[in-house]
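**Q** Heads up: the sequence shown at position 103 corresponds to 102 in numbering that gives the first Met the number 0, and the numbers run straight through without jumps.
Encoded as structure tokens, here's the structure I'll be asking about.
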Amino acid sequence: MRFHLRRGLAAAVVVLLPLAACTDESGSGTSSADPASPSTSETGDTTESPAPTDPTSAPTDDLSTLPLTTDAPPPTTSPMWAFPALVKGWTFETRDQKGVNQLTHEGSDALFTSYQLKEQGPNGTDAADSKAWLEKFRRDLSANSQLQKISTPTYGTAIIQSDHGTIEFVQQDLTYRTTAGVTYRSRFVARSLDTYLIAVQYGAPEGEWSEAEWQRLISSGLKVFLGW
């Protein structure tokens, strides 16, 4: 993938994706899919097209069928994202590139990106492995000479739809400043699922970052297919 430097910094994970503990899913028969299209692996296997999702239905905030307190059973197939292809104001720029899908925002450096990765672990619980992956992302930001003033991250949880109800993710929020003097905000959510890790990030200049936009993005067809 090619990214302009400024855009790469807008979602620093693009240039700093913490792969030390993970490998991408290319060649493993896994593929992301938009909700209306089938996925075809490099071996020629075809995954059934995900069922259409209601773009107006937001994830519930009071119930998770896979909470962080419960470790996921080993998937029989690789977990994958159904990624929103049509969101007003956003363009689907990267599709199924080594486990990465990405939307770009018109007239902005904002990015919305999903990842599906194969872990070398797991080393602990789903919750611990998820947070450890996000903490490595923060350390990688700190090691980038083009970034400064990395904030102390705050952690919480986020609920995302899945094909088995909902799934709880570890959520990380932080800000960082580029050497050009622009401050960006990143929200990254990640979930370890046995030997896999799935994540999604919304990054934008701080003044453009919007909680309402985050909610709109995650309720516009974003869905995890767990592979059970």
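Note that beta-carbon positions come from the ideal geometry of N, C-alpha and C, so glycine has one too.
#1: Per DSSP, what kind of secondary structure is residue 200 in: helix, strand or coil?
#2: Below 6 angstroms CB to CB, which residues in the same chain sit around residue 86 once its five sequence neighbours on both sides are set aside?
#3: So residue 182 and residue 146 are supposed to be a Cβ contact under 8 angstroms. How far apart are they, rounded?
#4: State the DSSP-derived secondary structure class of residue 179, mapped to helix, strand or coil.
#5: If you run the structure through DSSP and keep just helix, strand and coil, what is residue 159?
#6: Please list, in chain order, all residues of the same chain as residue 65 whose beta carbon is under 8 angstroms from its beta carbon, the five residues on each side excluded.
#7: In the DSSP output, which residue or residues are listed as bridge partners for residue 191?
#8: From what residue to what residue does the beta strand (DSSP E) around residue 214 run?
#9: Compute the Euclidean distance between the alpha carbons of residue 108 and residue 67, then round it to the nearest angstrom.
#10: What does the Cβ neighbour count give for residue 184, buried or exposed, with the cut at 16 atoms within 10 Å?
#11: Could you tell me which residues DSSP pairs with residue 149 in its beta bridges?
#12: Report the rounded CA-to-CA distance for residue 227 versus residue 142, giving the unit in angstroms.
**A** A quick look at the data gives this:
#1: In this structure, DSSP gives residue 200 an extended state, which the three-state scheme calls strand.
#2: Closer than 6 angstroms at the Cβ level, and outside the excluded window around residue 86, lie 219.
#3: Beta-carbon to beta-carbon, residue 182 and residue 146 are separated by about 10 angstroms, too far to satisfy the 8 angstroms threshold.
#4: Three-state result, residue 179: coil.
#5: DSSP places residue 159 in strand when its eight states are reduced to three.
#6: For residue 65, the CB contacts under 8 angstroms within the same chain, skipping 5 residues up- and downstream, are 71, 161, 163, 164, 165, 166, 167 and 225 in chain order.
#7: Bridge partners of residue 191: 196.
#8: Per DSSP, residue 214 lies in no beta strand (DSSP E) segment; the continuous alpha helix (DSSP H) that holds it begins and ends at 210-217.
#9: Straight-line measurement puts the Cα of residue 67 at about 32 angstroms from the Cα of residue 108.
#10: With a 10 Å radius around the Cβ and a threshold of 16 neighbouring Cβ atoms, residue 184 comes out buried.
#11: Within the DSSP bridge table, the entry for residue 149 names no partner.
#12: Distance from the CA of residue 227 to the CA of residue 142, rounded to the nearest whole angstrom, comes to 38 angstroms.
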